[in-house]
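Have a look at the structure below before the remarks.
Below is the structure:
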């Protein structure tokens, strides 16, 4: 509802035909529209995706031609959306028509056009000034073919005329013809690189490249794909000779000028209680993370140029660029040098394989130089605990430093000292069959502690208790009482959550599941071995879990241990009983963040066999009576009855033997007396 309200209040009004329609640029060549190819299968079908780029004019032309398969899709297919930034781009529509019964119908003058500023990044605290031109086509019917074209001219001034562009050759629906034409100015050096397929280049001359691909099947979207994986094939173009050239383009934006008294006073105030430089650095990092809220006003040059540190301190908000430059200025006040580093939050793992280009980065962090070492910190993160040496840094993989002698990409390693781990111990206490009391202690460290700390801060402890209660209620029954305690040690970045639950069990005779809280999702995941993309896995992930059942019965002594080692991860499992306690314990560490398609069959087999062996549930006998019961784990009631029968038979046989011996002894005694 809030998003809809914002959509409505930012409506900029209806536009006339002449405001946004003009003739097709003269440099654009006409491309034949193919007929629909039913063999491609899917109902939704693009007949033509025509893209032409004039590098000299900084102009990009698009033409889309698609088939409307049914009346349901007509609602979506009759709406056209074109996004652009009015600060440096202009948009012009050229054609809007519908093919029906073999004849083209012009819809340009009858369509309803609106210009909207929706700020789609607002939920992520980013305002970038982009606008959306929306054209609503009248009278679109099942079986129609819609064709529209437009061009966008202009480039962000921060790129200083450099050219880089990516073009996709596959979508989630089939394409009869995907056409790309690149017009290269005389003497301009452009490099192309294909990803996920190829070669696709059809024609090449000194000033024109043409890619003309036909009958492209749809690419099925698959779940749980690694965030860095490129699902759709594409070609990349760039005129940058190296990453060093990209770095030199952005370095001037992060140069520090003389700061004002606000920055000087802030650095002094924040660090006044610290004796050691390392502690001062940490205090300044935490100040920028927690006291300067994240908000990006990224219109125009603000998308690349940070706000001055003095201004950020006054307004107490800024985006990643603003926070980095502020922290850099504060560190300089205590004599510590640092370097901004551009990173990509989603494509960092494959950054070294991409062509150097100015659009490769979407985030910036800081590299702090202190004590002969480099520390990577992200001022945009919040709720971080630990020391400077153990601060968590996300998996950015590669970065481009800005400042000094920029040589190219550098490694941005994850901090091994952050010790990201979850340790959980659940004790299930059963005094009777109807109820179970569960005491769970979960200890988080490293990034895991940061994450839970944020949940508690934003949603409260009650939200955390709800999650724990929901998990156990699905396993055991209805929660009748629930309590929670939180112990947060920020300096060591250890956070402990202790919960107490009392539940009424679903059925008294139901088995008692002894499954791990966190590892269960790994051991029970559904693996589709027919998928074409890698299967993403949480990594790095370190889990130590223990589940203990306490019941008024005596378990047979068990001491079982087994290790499962694989390229995907290592699991140590143990099952131990002692008196009235029965425990299962798991120690898991991941080795990779993905499973390749060719390994999925082996992976599924590994998961299934492992889960069968380590996931335990107890079939308990009745113990709502004072008599002691001997119970053997894993033995069903039928076998138990047989065992008891054997014991009873043995006792009866023993009693008969004793009686016979007693009778013989009495007879012998009577004979002695008679003598």
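In the working numbering, the protein residues as written are 1 to 675.
Glycine included, each C-beta is placed from N, C-alpha and C at the ideal position.
| query | result |
| --- | --- |
| Residues near residue 52 by beta carbon distance below 6 Å, same chain, minus five either side | 28, 61 and 181 |
| Per DSSP, cross-strand counterpart(s) of residue 497 | 442 and 486 |
| Given 8 Å, three or more beta-carbon pairs between the region 423-443 and the region 507-520 | yes |
| Coil, strand or helix - residue 308 by DSSP | coil |
| Nearest neighbour of residue 34, chosen from 26, 24 and 46 [CA to CA] | 46 |
| Residues that DSSP places opposite residue 409 in a beta bridge | Beta-bridge pairing links residue 409 to no other residue. |
| Strand pairing of residue 318, partner residues [DSSP] | 294 |
| Integer Cβ distance of residue 146 from residue 49, believed to fall under 8 Å | Rounded, the Cβ-Cβ distance is 13 Å, inconsistent with contact. |
| For residue 156 and residue 164, the rounded distance between their alpha carbons | 12 Å |
| Whole-angstrom distance between residue 329 and residue 259, CA atom to CA atom | 7 Å |
| DSSP three-state assignment for residue 518, whether helix, strand or coil | coil |
| Residue 541, buried or exposed, once every other Cβ within 10 Å from all chains shown has been counted against 16 | buried |
| For residue 676, three-class secondary structure by DSSP | There is simply no residue 676 to check, as the chain begins at 1 and stops at 675 in what is shown. |
| CA nearest to the CA of residue 263, picked from 332, 229 and 272 | 332 |
| DSSP three-state assignment for residue 353, whether helix, strand or coil | helix |
| Beta-carbon proximity check, residue 365 vs residue 341, cutoff 8 Å | yes |
| Boundaries of the alpha helix (DSSP H) in which residue 453 is found, first to last residue | 447-459 |
| Option in 423, 327, 538 and 426 with minimal Cα separation from residue 381 | 327 |
| Host beta strand (DSSP E) of residue 421 (start-end) | 421-429 |
| Segment limits, beta strand (DSSP E) that includes residue 334 | Careful: residue 334 lies outside any beta strand (DSSP E) and carries neither H nor E. |
| Length of the line joining the Cα atoms of residue 286 and residue 393 | 14 Å |
| Bounding residues of the beta strand (DSSP E) (the contiguous stretch that carries residue 601) | Unbroken run through residue 601 is the alpha helix (DSSP H), 600-614; no beta strand (DSSP E). |
| Residue 279 (DSSP reduced to helix, strand or coil) | helix |
| Residue 244 and residue 407 closer than 8 Å at C-beta | yes |
| Range of the contiguous alpha helix (DSSP H) that encloses residue 249 | 243-250 |
| First and last residue of the uninterrupted alpha helix (DSSP H) at residue 77 | 71-77 |
| Beta-carbon spacing of residue 100, residue 144 below 8 Å | yes |
| Residues of its chain near residue 248, where Cβ-Cβ distance is below 8 Å and the 5 sequence neighbours each way are ignored | 406 |
| Residue 572, enclosing beta strand (DSSP E) - first and last residue | 569-578 |
| Cβ neighbour criterion (16 or more within 10 Å) applied to residue 169 | buried |
| Residue 91 beta carbon less than 8 Å from that of residue 183 | no |
| Three-state secondary structure assigned by DSSP to residue 90 | strand |
| Best match in 362, 545 and 297 for proximity to residue 574 [C-alpha to C-alpha] | 545 |
| Where residue 639 sits in the DSSP three-state scheme | Residue placement at residue 639 cannot be trusted, given a pLDDT of 36 that sits under 50; what the coordinates show is reported in the next sentence. Three-state result, residue 639: helix. |
| N- and C-terminal bounds of the alpha helix (DSSP H) containing residue 269 | 261-271 |
| Of the listed residues 372, 39 and 82, nearest to residue 218 (C-alpha basis) | 39 |
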